[in-house]
Amino acid sequence: MKSMSIRKIKNLIRSNFILIVIFLIIIITGIIESNYLSFNNLLNVLRQVSVIGIVACGMTYCLIGGAYDLSVGSIVSLTGVITILTINAGVSEFIAILYGLLAGLGIGITNGILISSINGRSGEAFIITYGMQVVAASIALFPSNGLFIAGRVPEGFFKFLGQGVMPIVIFLSIAIILQFILSNTQYGRQMCFIGSNMDVARLSGVRVKLNRVTYFAISGLLSAIAGIVLCSRVTSSNPTAGTGFEMDAIAAVVVGGTSMSGGSGNVIRTVVGAVAIGIMSNALNILGITAYHQQILKGLLIIAAVAMDILNKTIKNREMEHEKAYTG
Amino acid sequence: MEKYILEMKGITKTFPGVVALDDVSLKVKSGTVHALVGENGAGKSTLMKILTGVYEATSGEIYLDGRKLDLYGVKDAQEKGISIIFQEFNLINTLTVAENIFLGRYNDSQYINWKQIRTKAHELLERLGFNFDVDRIVGTLSTAEKQLVEIAKALSYNAKIIVMDEPTSSLTKKEIEMLFPIIENLRSNNIAVIYISHKLEEVFQICDVVSILRDGKIVGESDINNITRNEIIEKMVGRSLDIEYPKRNSVLGETVLEVKNLSRNTKIKDISFALRRGEVLGIAGLVGAGRTELAETIFGVHPADGGEIFIKGEKTAIRSTREAKEHSIGFVTEDRRGTGIVIDMNIPKNITITKLNAVKNRWLLDKRKEEAVASEYVDKLDIRTPSVNQILNNLSGGNQQKVVLSKWLFSDADILILDEPTRGIDVGAKYEIYCLINTLVEQGKAIIMISSELPEVLGMSDRILVMHNGTIKGELTGEDMTAENVMQIAVD
Numbered sequence: 014m015k016s017m018s019i020r021k022i023k024n025l026i027r028s029n030f031i032l033i034v035i036f037l038i039i040i041i042t043g044i045i046e047s048n049y050l051s052f053n054n055l056l057n058v059l060r061q062v063s064v065i066g067i068v069a070c071g072m073t074y075c076l077i078g079g080a081y082d083l084s085v086g087s088i089v090s091l092t093g094v095i096t097i098l099t100i101n102a103g104v105s106e107f108i109a110i111l112y113g114l115l116a117g118l119g120i121g122i123t124n125g126i127l128i129s130s131i132n133g134r135s136g137e138a139f140i141i142t143y144g145m146q147v148v149a150a151s152i153a154l155f156p157s158n159g160l161f162i163a164g165r166v167p168e169g170f171f172k173f174l175g176q177g178v179m180p181i182v183i184f185l186s187i188a189i190i191l192q193f194i195l196s197n198t199q200y201g202r203q204m205c206f207i208g209s210n211m212d213v214a215r216l217s218g219v220r221v222k223l224n225r226v227t228y229f230a231i232s233g234l235l236s237a238i239a240g241i242v243l244c245s246r247v248t249s250s251n252p253t254a255g256t257g258f259e260m261d262a263i264a265a266v267v268v269g270g271t272s273m274s275g276g277s278g279n280v281i282r283t284v285v286g287a288v289a290i291g292i293m294s295n296a297l298n299i300l301g302i303t304a305y306h307q308q309i310l311k312g313l314l315i316i317a318a319v320a321m322d323i324l325n326k327t328i329k330n331r332e333m334e335h336e337k338a339y340t341g
Numbered sequence: 401m402e403k404y405i406l407e408m409k410g411i412t413k414t415f416p417g418v419v420a421l422d423d424v425s426l427k428v429k430s431g432t433v434h435a436l437v438g439e440n441g442a443g444k445s446t447l448m449k450i451l452t453g454v455y456e457a458t459s460g461e462i463y464l465d466g467r468k469l470d471l472y473g474v475k476d477a478q479e480k481g482i483s484i485i486f487q488e489f490n491l492i493n494t495l496t497v498a499e500n501i502f503l504g505r506y507n508d509s510q511y512i513n514w515k516q517i518r519t520k521a522h523e524l525l526e527r528l529g530f531n532f533d534v535d536r537i538v539g540t541l542s543t544a545e546k547q548l549v550e551i552a553k554a555l556s557y558n559a560k561i562i563v564m565d566e567p568t569s570s571l572t573k574k575e576i577e578m579l580f581p582i583i584e585n586l587r588s589n590n591i592a593v594i595y596i597s598h599k600l601e602e603v604f605q606i607c608d609v610v611s612i613l614r615d616g617k618i619v620g621e622s623d624i625n626n627i628t629r630n631e632i633i634e635k636m637v638g639r640s641l642d643i644e645y646p647k648r649n650s651v652l653g654e655t656v657l658e659v660k661n662l663s664r665n666t667k668i669k670d671i672s673f674a675l676r677r678g679e680v681l682g683i684a685g686l687v688g689a690g691r692t693e694l695a696e697t698i699f700g701v702h703p704a705d706g707g708e709i710f711i712k713g714e715k716t717a718i719r720s721t722r723e724a725k726e727h728s729i730g731f732v733t734e735d736r737r738g739t740g741i742v743i744d745m746n747i748p749k750n751i752t753i754t755k756l757n758a759v760k761n762r763w764l765l766d767k768r769k770e771e772a773v774a775s776e777y778v779d780k781l782d783i784r785t786p787s788v789n790q791i792l793n794n795l796s797g798g799n800q801q802k803v804v805l806s807k808w809l810f811s812d813a814d815i816l817i818l819d820e821p822t823r824g825i826d827v828g829a830k831y832e833i834y835c836l837i838n839t840l841v842e843q844g845k846a847i848i849m850i851s852s853e854l855p856e857v858l859g860m861s862d863r864i865l866v867m868h869n870g871t872i873k874g875e876l877t878g879e880d881m882t883a884e885n886v887m888q889i890a891v892d
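From first to last, the protein sequence lines are chains X and S. When the first sequence is numbered by the numbering used here, its final residue is 341 and no position is left out of the sequence of numbers. When the second sequence is numbered by the numbering used here, its final residue is 892 and no position is left out of the sequence of numbers.
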């Protein structure tokens, strides 16, 4: 019995290894620099990760459903451009937001239809959404010839979205809602089945194609929300604002502990992953480590996260084999 | 004093908390085919994993040709003359036959002598009595041909012992007939074959000696001529099985499914039949005759492109699996792990997926309801599991199959299509599945049973359709349901 509990603790440490490492970085930084752990600084970090975090929430659904969505970064850029241009044209800010959301949703649905109509697995999804990323990124560049667009944003709802704690509130609300849906509804359960084994899902009478379209639609819609929040925060749009977001989002999901192989995951843990990465960058800034060196650490962190995921799975399988040997 | 090529002495293997093998001794002679039989979980695979270096025995010794052997992994065992051919082949589909046979051993010098490799591969296959193009890509070979490549690979290591794990489970009748001469050939080449199989007919046909494992112990060993089929089964299950196929008292009711001129491209052609409540309709035929394709068409996996389906008298177009489910059809597929269950999810999730609506409180899933459903089926179908929330991977094949059945019973299926319902499960569990089938038809369900095991189809069916080349070539009832008649129709 005692060995069981030691094994449990070991498992716990192993499956949270990345978070533990980050936690250690936080403590060390906190000791060196007392300002670091101040409420204001943490709030600041949270605000910074909100945009990426919203994108990562949608990405979590895609990964659980067994696919990647690489188009999210371009959707962030494109919705920003669309929304700011519409506002600058003097149209109601609600209409502008609606246009932005529809653009994201539209791209997401297109992704979804393309992928699920060919019964694409994660490889096909990877390439198709990458193609969409290139297309959407280019479209975002047209209106301003690739230049930054200053927004003539009046005081109001749109501006309110990016101010103060609003991005954090939006981010956390989305995460909570998504996690609730995931773990408590038919839709969420079917997502896990589709991500684990699409054939089992289909042969159990689940509407696999329709469900899969929705994962990309949600991812597109959330990327659009992220794009709008980002523009609102800086009251302008940069047509390359979202470049690289897809990888940052995947990193947050994976560091949070959602498996790359689909079928299981947790949106709240994605929040933890996103915040952890944010806190780490912040700590490295405070410690005076340059941006270039930070990228190296971030890259290594992601690789370590995936490696731990695989390692955990291997160990779990081995334990299952052993258990099987006596229940079998 | 007879000489044994292989002696395993006092092999014990314990896993945390359990003894998987308890003082097992096995002696095998050169030039014999030695059957190893036992229910799933009896310890066959553990024993073979020890023999091939995958596991290390907790205690006990292995002697090869009188010399004590220490094994460090599969590769080491292979080099020392012990090869195993698993059910799932260890071949690389994108490489050629010759490349596969000598995989990892291409070069003695710095450069690879492809010509020599191809010649050697060709010689090996010739030794087995086959003239074979060694440049063929393995992915394009049939299952039987792949098996041949595996055997050639074993020979290339100068194997003294070849372990075959369920070698015929995915072969057609014809291919099995091809395999047996190869095994004869190995025997005459003085190689010892350890033959693991559930199919006792084959054991009697090809093996010289049989060892029976139960609960990690050898419970019997005999020359094949001195033992009967029933004695083997008795030893395997530890009780006597008077009748292999339980009797039922079913009353045929109204027609629930009628298929008229059903076709789907070239896979199935012009299929017509009717199925009544309380009936088990067997579908026999060789692998590739279109039996699974027929099931998939009825179930909407690949919808029909011609013909009509009537369910309870009503004309119905089944365009998707969801529609099939809504018309109360259930489909237990032949590939349990691939398409039947999600192996790392628990019993409740695997059962309720077919009807999540029934375990909801308004909008949300109610996990207590799900557990209650699972408990109900665990009791009803006697699913043996330490707890209701067990992950499917921890259940035996037979119990996994009961979970698959449960999920369709839960979906209120009246028409159950069972494709190879007892594949890969042990004798005891098979019997339970048969009893379950009987209970279901007695309750008024209608069952279509596709099976490659003739005795099973003959023993369980009220009526048999024999398929050939995508069509129904014959129908057998009553006295006419004999193995000979089925095979007469099934082959060309």
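For glycine and all other residues, C-beta sits at the position ideal for the given N, C-alpha and C.
Boundaries around S:N799 are those of the alpha helix (DSSP H), 797 to 810, since no beta strand (DSSP E) includes it.
Annotation for S:E602: no beta strand (DSSP E) segment contains it, though the alpha helix (DSSP H) segment containing it runs 600 to 606. The beta carbon of X:Q203 sits closer than 7 Å to the beta carbons of A214, V219, N224 from its chain, once the five residues preceding and following it are set aside; these are given in chain order. For X:G144, the enclosing alpha helix (DSSP H) stretches over residues 135 to 154.
Taken in chain order, the members of the stretch 179 to 201 of chain X whose beta-carbon sits within less than 7 Å of a beta-carbon on chain S are N197, T198, Q199.
Per DSSP, the unbroken beta strand (DSSP E) holding S:M564 starts and ends at 561 to 565. For X:N210, a Cβ of chain S is located within less than 8 Å of the residue's own Cβ. When C-alpha distances from S:K427 are compared across S:A435, S:L421, S:A420, the shortest belongs to S:A435. If you check each beta-carbon in the stretch 754 to 767 of chain S against every beta-carbon of chain X, the ones closer than 8 Å belong to T754, L756, N757, K760, W763, L764, L765.
For X:A254, the closest alpha carbon among the candidates X:K222, X:A149, X:I231, X:I31 is that of X:A149. For the stretch 216 to 243 of chain X, the set of positions with a beta-carbon nearer than 8 Å to some beta-carbon of chain S reads L216, S217, G218, V219, R220 in chain order. Note on S:W808: 16 or more other CB atoms within 10 angstroms of its CB, so buried under the neighbour-count rule.
Inter-segment contact for the stretch 571 to 580 of chain S and the stretch 534 to 545 of chain S is present: three or more beta-carbon pairs are separated by less than 8 Å. When secondary structure is reduced to three states using DSSP, S:F731 falls in the strand class. Under DSSP, X:F52 forms no beta bridge with any residue.
In the DSSP assignment, S:A435 falls within the unbroken beta strand (DSSP E) covering 433 to 437. By the Cβ criterion, the stretch 714 to 725 of chain S is not in contact with the stretch 665 to 685 of chain S, since fewer than three pairs of Cβ atoms, one from each stretch, lie closer than 8 Å.
Between the alpha carbons of X:G93 and X:I241 lies a gap of roughly 6 Å. For S:R863, the nearest beta carbon of chain X is not closer than 8 Å to its own beta carbon.
Taking a contact as a CB-CB distance under 8 Å, the pair S:E550 and S:I485 counts as one, their CB atoms being some 5 Å apart. With a 10 Å radius around the Cβ and a threshold of 16 neighbouring Cβ atoms, X:Y112 comes out buried.
Against chain X, the beta carbon of S:T739 has neighbours under 7 Å at D212, V213, L216, listed in chain order. S:A724 belongs to the set of residues whose beta carbon lies under 8 Å from a beta carbon in chain X.
S:M745 belongs to the set of residues whose beta carbon lies under 8 Å from a beta carbon in chain X. Chain S has a Cβ within less than 8 Å of the Cβ of X:F206. Chain-ordered, the chain X residues with CB closer than 9 Å to the CB of S:V742 read C205, F206, S209, N210, V213, A214, G276. From the beta-carbon of S:K807, the residues of chain X found nearer than 8 Å are S217. If you check the CB distance, X:S277 and X:I31 do not come in under 8 Å. Contact annotation: the stretch 619 to 638 of chain S does not touch the stretch 459 to 473 of chain S, with fewer than three C-beta pairs closer than 8 Å. In the DSSP assignment, S:S611 falls within the unbroken beta strand (DSSP E) covering 609 to 614. Cβ contact annotation for S:F604 (same chain, cutoff 8 Å, sequence separation greater than five): I624, R629, in chain order. Taking a C-beta distance under 8 Å as the contact criterion, S:L816 and S:I864 do not qualify as a contact pair. For the stretch 678 to 699 of chain S, the beta-carbon criterion of a distance under 7 Å to any beta-carbon of chain X is satisfied by none of its residues. Of the other Cβ atoms in all chains shown, 16 or more fall within 10 Å of the Cβ of S:Y777; this residue is therefore buried. From the listed residues S:M564, S:K599, S:V687, S:H598, the smallest Cα separation to S:I582 is found for S:M564. For the options S:L548, S:V474, S:N531, the alpha carbon positioned closest to that of S:I501 is the one of S:L548.
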